[in-house]
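Asker:
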Amino acid sequence: MAVWPAGGIGLSALLLNPRRLWPAIVLALFAAGNAANFIQHRPVINSFGFMIANMAESLGCAWVITRICGNNVKFDRVIEVLALTLGATAVNAASACIGAGVAMLTSTASYGHLWLTWWIVDGLGILIMTPLVVTWSSLDISGLMRNKQWTRLIEGALFIVCWGVLSGLPFNSGLFFRNSFVFPYMLVALLAWPALRFGQRGVTLAIMLLAVIAITSLAVISGPLVWGGGSEEARLVLTQLYLGFSAVSGMLLAASFAESRQAQRKMAESLDFLETRFGAYPIAIFTYKSSGQVVSVNDAAVRLVGATREQVMKQNFRELESWKRSGMLAAAEKALATGEEQIFEGHTVSSYGHDFWISCRFASFFYAGDLHLMLLGADVSERKKIDEKIRLLNLELEQRVEERTREVVRQNEKLQEMFAELTHMSRVAVLGQLTAALAHEINQPLGTILNRASSAKMILSQEKPDTAKLQEILSSIIDEDERAGNVIRRLRSLIKKELPATEAVDLGRVVEEVTALVRNRSVLEEATLSVHRSPASMLVMGNRVQLQQVLLNLITNALEAVNGVTGSKIVVRLEARPAGKATVSVSNSGPAIEMKNVEQLFQPFYTTKKEGLGVGLFICRSIIHAHGGLISASNDVVDGATFYFTLPLVEENAV
């Protein structure tokens, strides 16, 4: 037997059904095969052994094919044909071991001869019968009739006739083709016709017809055969190998064509989907061949260039002057050359006079083996107009801000001048209130100097002046002069109108200098003035005169608060606080203040005095805030009130 179809039929039955039915199918085939063997009076042990080998062969091939290719095998993919070939050769080689062993029970042939025979005939049965049954089982005859594909049916019939005639030539010993062993393999090229036009159905039918013609040929039985072969067995093996080669070649060719058509169909479906999907999109979509010819455009693309679809389809982007002038052609060429997406935005004028700004992306892709270019673009002219308006508005805004900034700077400079003037006037006003104390402070050393000078004059009028006494008097005059000079210098530094220079200021010195100015007034007001410093020296960054003014204002206010109160006290404290702070406080034993008015006390033009202007404490707060500090007031536990300010200290080594 040249072809044993049992394995191929069993394999096709398994492939056409779900895996859960495989056990039932195997049992049914096993029973049917044994029944046929019993009818032919084949020994029971041979029948059972052969059917076990055939079922193992079918199951093994089905498992390998579905494992590699998955379910629903149609042999329209190259991988499926290769998997079938693997089953027909490798899996069948294993099952042939069982079949050859069973055959030896009733045969005198060698095991190797039996194994080779089994391997070839069962392998051919798998390669020829399985694709034939699987592909033709899904044929829709009614569909062919309904669609009236008469030309296709006529073409199929014509091929069968041609194939049958040409297939018989190599096996007809009376023709000259018999002497050319190459001709049968050249005949395989004719399988390209059914592979391309009819798919695997046409190829499997042609292979089946070829197998029937070859196996029944007298050239195989009695010779001679174009490939030679001295015996019928040798001629049969050569014919079987030819049939196997033809079957695999034809199916691979048909699967290749099917995969190519499937890929083209998917690509066409994708393009159809894209055109349908993006046809109504507001973004313009152009596709071009690499040669520059338009392939497709959507409605937005037609509107973008201001032309009809027919006009756009006739364009070639390589010939468009607008692309060359605007730089779009260079971006397109780069996208085609590098495969990288290119972004372009610029001004252009279409061939039909449409003047606009375009923002677009270029991307290259392959379709049907050819390089293509896609352009996604949009008219951004309105956006450009808006951007230009925004730019002009921003420019105008910047100019206005610059002018306003200069005006604010000028106003700030004027305010600073006015504040400096007001601060100076406040100091002069405070010093005016201290006129009596200052006069007493200056008159005292001047009176002492006058008395000492009179005494010196009397000593000099004596015949023998007492030089030691005279020297003592002169030293006293010098001390009193320095005392008066210090008072005048302190007064001048407070009255002098100067820029607020910043330096390291010792708060202890500030307290000492200010209390020295007001000490005599406290005597005149019958108030006790005491100073407490802990530690004695504390450095802050600021203006010494301004800090003196703040402290002088607070002490003057305290003296006015206790005016007329017998036994009143004024206490000035300088204390160090945590976190690098220093606090200067001025407490008095006069009347308390209303806490709800504390914030108002430091507001401009608010005063509790009958003749006050309400700027003193406001100036004090402005000065302290400018020094990075805080100023406030509170009532004492027993009586009186306390005004205090806090300033940040600086390290001595940082000065």
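All the letters of the sequence shown, read from the start, carry residue numbers 677 to 1331 under the numbering used here. Ideal Cβ positions, reconstructed from N, Cα and C, are used throughout, including at glycine. Values in this document were obtained by computation on a predicted structure and should not be read as measured data.
1. Would Q1222 be called buried (16 or more neighbouring beta carbons within 10 Å of its own) or exposed?
2. Cβ of G840 less than 8 angstroms from any chain C Cβ?
3. Taking the alpha carbon of L829 as the reference point, which residue from R873, E1158, L803, A772 has its own alpha carbon closest?
4. Quick test of your reading: V754 and A931, contact by CB under 8 angstroms. State the CB separation rounded to the nearest angstrom.
5. In the DSSP assignment, find the unbroken beta strand (DSSP E) run with H1208 in it and report its ends.
6. So, under 8 angstroms CB-CB, S628 and G1015 are touching, yes? Tell me the CB distance rounded to an integer number of Å.
7. What is the rounded straight-line gap between the Cα of K750 and the Cα of P807?
8. According to DSSP, which residues form a beta bridge with F1042?
9. Can you give me the C-alpha to C-alpha distance between G920 and L914, rounded to a whole angstrom?
10. Could you spell out where the beta strand (DSSP E) holding M1217 opens and where it closes?
11. Which residue from G1045, E909, P846, E1327 puts its Cα closest to that of E1179?
12. Have a look at A769 and L803 and give me their C-alpha separation to the nearest angstrom.
13. To which residues of the same chain is T1322 closer than 6 angstroms at the C-beta, ignoring the five residues directly before and after it?
14. Here's the rule I'm using: 16 or more other beta-carbon atoms within 10 Å means buried, otherwise exposed. How should V1226 be labelled?
15. From S1151 to V1248, what distance separates their C-alpha atoms?
16. Leaving out five residues before and five after T796 in sequence, what residues of the same chain have Cβ atoms less than 6 angstroms from its Cβ?
17. Please list the terminal residues of the continuous beta strand (DSSP E) segment that includes T963.
18. Taking the alpha helix (DSSP H) that D798 belongs to, which residues open and close that run?
19. Determine the closest residue to N730 out of D752, L687, R718, P1211, with distance taken between C-alpha atoms.
20. Identify the continuous alpha helix (DSSP H) that holds H1301 and give its terminal residues.
21. Considering only the alpha carbon of each residue, which of A983, L758, E1270 lies closest to D1315?
22. When the Cα atoms are used, what is the spatial distance from R1059 to S1035?
23. Name, in chain order, the residues that DSSP records as bridge partners for W1033.
24. How many angstroms separate the CA atom of I1125 from the CA atom of K1140?
25. I'd like the span of the alpha helix (DSSP H) that includes M872, first residue to last.
26. What's the C-alpha gap between R1061 and Q1279?
27. In its own chain, which residues sit with a C-beta less than 7 angstroms from the C-beta of F706, not counting the 5 before and 5 after it?
28. Rounded to whole angstroms, what's the CA-CA distance from N710 to S723? Just pull it up for me.
29. Rounded to whole angstroms, what's the CA-CA distance from F1020 to F962? Just pull it up for me.
30. Could you tell me whether the Cβ atoms of I891 and A923 are closer together than 8 angstroms?
Answerer: This is what the structure gives:
1. Buried, by the Cβ-count rule.
2. Protein chain content of the structure displayed is limited to a single chain, and chain C is not contained in it.
3. R873
4. 5 angstroms
5. 1203-1210
6. Residue coverage of the chain in this structure runs from 677 to 1331, which leaves residue 628 outside it and unanswerable.
7. 8 angstroms
8. L1047
9. 10 angstroms
10. 1215-1218
11. Distances from the alpha-carbon of E1179 to those of G1045, E909, P846, E1327 put E1327 closest.
12. 14 angstroms
13. Closer than 6 angstroms at Cβ, skipping near neighbours: K1257, T1259, G1305, L1306.
14. buried
15. 33 angstroms
16. Reading off the sequence, residue 796 comes out as Ile, not Thr. Within the same chain, I796 has close Cβ partners Q916.
17. 960-965
18. 787-812
19. L687
20. 1292-1302
21. E1270
22. 10 angstroms
23. H1023
24. 23 angstroms
25. The question names Met, but residue 872 in the sequence shown is Leu. That run of the alpha helix (DSSP H) goes 868-873.
26. Reading the sequence as shown, one finds Lys at residue 1061 and not Arg. Cα to Cα, the separation comes out at about 52 angstroms.
27. M727, M731
28. Distance between the alpha carbons of N710 and S723 is about 6 angstroms.
29. 15 angstroms
30. With contacts defined by Cβ atoms closer than 8 angstroms, I891 and A923 do not form a contacting pair.
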